[in-house]
Each structure stands twice: as structure tokens, then as C-alpha cells.
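These notes are about the structure you will find just below.
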Amino acid sequence: MIRYLIKNNMKLMLRSPANILLFIVAPLGVLAILSNAFSSLMQSYEKKEPFEVGYVMSAESFYAPYEEALVEVAKEADITLKEFQEGDAKEWMDRYDLTGFVEFHDETYLVWTREDAKVEGQTLEYLLNTFVEELDRGKLRVMSAMASGQTVDMEAIAKGSEDPEISLEIEHPNFMPAIDSRDYYGIIEIIYFGWCALVCAAGILGNEKKYGITKKYQVAGLSRLQIYLTRLLPMFLVVIICEGIAAVIAALFLNVHWGNQLLLSAILMIFMILAASAFELMLYSITDSMVLSIIISFAVVWIWGFLGGSFETYMFSTISQSIKALSPIYHGNRAMIELSCMGHSDYLVSALLYCGAMAIGCSGIALFASAVRKRG
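Here my numbering is used: the sequence shown runs in plain steps of one and ends on residue 1564.
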């Protein structure tokens, strides 16, 4: 009997125009709007090409002995440093089309950058700050060694010593490749609308309450778990089908790229929609009111989506990382985006565990709430 009820409820949900509108049409519409609105912002996230920077180094400058090392470090960071004689920085930049210019004085330096090269300017400033910090650490180690009576070859240090105590360590951390706004919102919005799963079953749940169908199920011998599954599984399956259709349309007609880890992405989406379905049925079991459940669900999902990058991209969000990590949508969004552009994600496991725990925990609470209501 339970299989018949699940099948019948699925048919009723799939025939609803509201479900087609919410889970297929709406994500594609929001995708088109947001991807167009934030296209210029996402373009600024692209990795910059190598660029040239001029510099003037006075003979009395503290940095003069380390000039050669600085040039090599900059080269590793795709920055070419070109030395010039004394002169006007703006004039050298205009004449040789330089992205930036650095004036090294006795113990300080001054950085000039173009207005249209803010990312390159930040990269240059970060490089110089890191270089100076390493020199300061080296000076402290040398002073400590001299204070303890050790012999220090200052001439070797000035020439760029191989001494590991003062050598500069160059690291190349992994970074996420640039992702197009259409790809980002094409994935994110389909996931976000999947968290509104309760609307899919609103008509059926409303009729069950209106006509006392739940009591008839109990008279027929169905347990609370079986009744719960006749709601959860059809809602979950219909949302999965609709979101799958939306994802295929987005990929074929809107050029949204889901990456080469389609199986992992599909598994993660299944876990997320299952968690959303269980969470919203839990709210309905507790409140016993469809209107109140939808209001609470939409409020919570909106907050999770706001923290998780469903509107403002999580890459540019100024919200604390510890706060964003509280949102299951953040874990899912980040895992899906990184699977798309990198083929792997450190957030995949946390997203699966988060959603799996939600599905189990919310289902248990929903069954407990229904049992308490029956006894009451």
C-alpha cells in the first residue's frame, strides 16, 4: 500500500503547475537575472597576467643589498621589476606602460599603481610587505646569533646568503580558478530553490489535514514511519526530478558548466534536497500549520542562502567564515562550485555529513512530534 501512496502522491505533485514554475522556471529566471547583474564583478575574479613594475633604488637604501633577491622573488610571482635612475615615477610609468612603480628610500619605500590596476597593485604591495617581514625576521635572527656570541658572515648575508636562517621561503598556495557568473548562479540558484521543497507537497498535506486522511491511514494499519515516508519520498523525488530538468536546461541552453565530477555533484544535490525535505516536514510536524511552516521555512532558508552565497557570491562576502560555516547551504554551494571549476573540494565531506545529519535528525524529530501530538 505504501508504494501505491508514494506513486499516487508523486503523480499529483508532478501535475501541479506551481511545482513546475517554482522548481524549473523560477531558478532559470533568477539565474539569468543574477548572472547578468554580477557578470562584471565575477570577471574581476579572473587570475591576472604577468605585469611589469619599475623601481628606483638609492645606494643608501636598507633594501639595496637585497635587490637581487627581491627581483628573483618578484619574478616567481609573475612580476617583472625593471630598474630606473632617479626621475618622476608617473613619467616612467606612462613612457614604458608600467603597471606600477616603487621608490626605495633609506628605510622606507613608496608604491605607485594605476587606477585601473587595483588587483595588480594589491599583489605588488603584498609581495613587498612579505619581503620586508622576512628581512625583519632575518635581522632579528642575526642579532640573536651575535648576542649569543656566534659568528655571522655579514658580507655573505648582503650578497644573498644560502644560510637557511635568513633565506626567503617562497610558497605557491592553491587557489580556486575563476568561475563565470553564469556558471556560479546556474549552480547556486538551482540548489537554493531545492531548499523550498515544502511547497511541492503543500497541496497534498493540506488535503490530508482537511479531509482527515491521516486518520484513515492509521485505521488502515500504516505506522507513523510509513505515513511519514509517503510524504517525504514523493516530495524528495519530485523536487529532484524538477531540479534535474532545470540543471539540464541550464547546461544545454544557458551554457552552465557543471564540471567533470557530475556523479559527485548529483550525489551532493540528492543529499541537500533530502535534508531540505526532512527539515521542512519537521517544521510541519511541529507546527501542524502549512502557512506557518512555509513562513518559517522561507525565513530560515533565506538566511542560510544569504550566508551561503545564494545572492552575494561567497567569495566576495564580508561575513565571518565561522558564521558562514553554520549554514548547510554554504557547505553545499562551496562544494558544488569547487567541483565545477576544480574537480575536487575540501567541503564535499562536510556538506554530505551536514546534510545527512540533518536528514536523519529532522526525520527523528518529525516522528517524535507526531507521536506527541497523537498522545496529546
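All residues carry an ideal CB built from backbone N, CA and C; glycine is no exception.
In this text the structure is predicted, and so the values were computed from the model without any measurement.
Check                                                                                                         : Outcome
Residues sharing a beta bridge with F1239, DSSP                                                               : I1267
Proximal residues to Y1380 (C-beta, below 6 Å), its chain only, five neighbours per side dropped              : G1493 and S1498
Cβ-based neighbour list, I1517, same chain, cut-off 6 Å, excluding 5 preceding and 5 following                : W1492, G1493 and G1496
Within 8 Å, strictly: CB atoms of H1445 and S1369                                                             : no
Beta carbon of E1240 nearer than 8 Å to that of L1286                                                         : yes
Classification of T1449 by the beta-carbon crowding that lies within 10 angstroms, buried from 16 upward      : Note on residue identity: the sequence assigns Gln, not Thr, to residue 1449. Q1449 comes out buried.
P1215 classed as buried or exposed, judged by whether at least 16 other C-beta atoms fall within 10 angstroms : buried
Cβ contact (3+ pairs, closer than 8 Å) linking the region 1504-1512 and the region 1420-1429                  : no
Touching by the beta-carbon criterion (3+ pairs, under 8 Å), the region 1551-1558 and the region 1460-1471    : yes
Sheet register partners of V1244 (DSSP bridge)                                                                : E1291
Cβ-Cβ distance between E1377 and L1219 below 8 Å                                                              : yes
Status (buried if at least 16 other CB within 10 Å, exposed otherwise) for I1548                              : exposed
Candidates M1230, G1242, A1389 and Y1372: closest to R1302 by CA position                                     : G1242
Rounded separation between M1603 and N1207 - CA only                                                          : The chain is shown only over 1189 to 1564; residue 1603 falls outside these bounds and no answer can be derived.
Where the beta strand (DSSP E) through W1300 begins and ends                                                  : Y1297 to T1301
Own chain, CB closer than 7 Å to M1198, minus 5 neighbours either side, in chain order                        : P1422, L1425 and V1426
Limits of the alpha helix (DSSP H) - the one that S1485 falls within                                          : M1478 to G1496
Classification of R1565 by the beta-carbon crowding that lies within 10 angstroms, buried from 16 upward      : Missing from the structure shown is residue 1565; the chain here goes from 1189 to 1564 and no further.
Y1284 versus E1291 - alpha carbon distance                                                                    : 16 Å
Contact set for L1462: own chain, Cβ-Cβ below 6 Å, skip 5 residues either direction                           : F1424 and A1547
Which listed residue (I1375, S1481, V1407 and I1455) has its alpha carbon closest to that of A1439            : I1375
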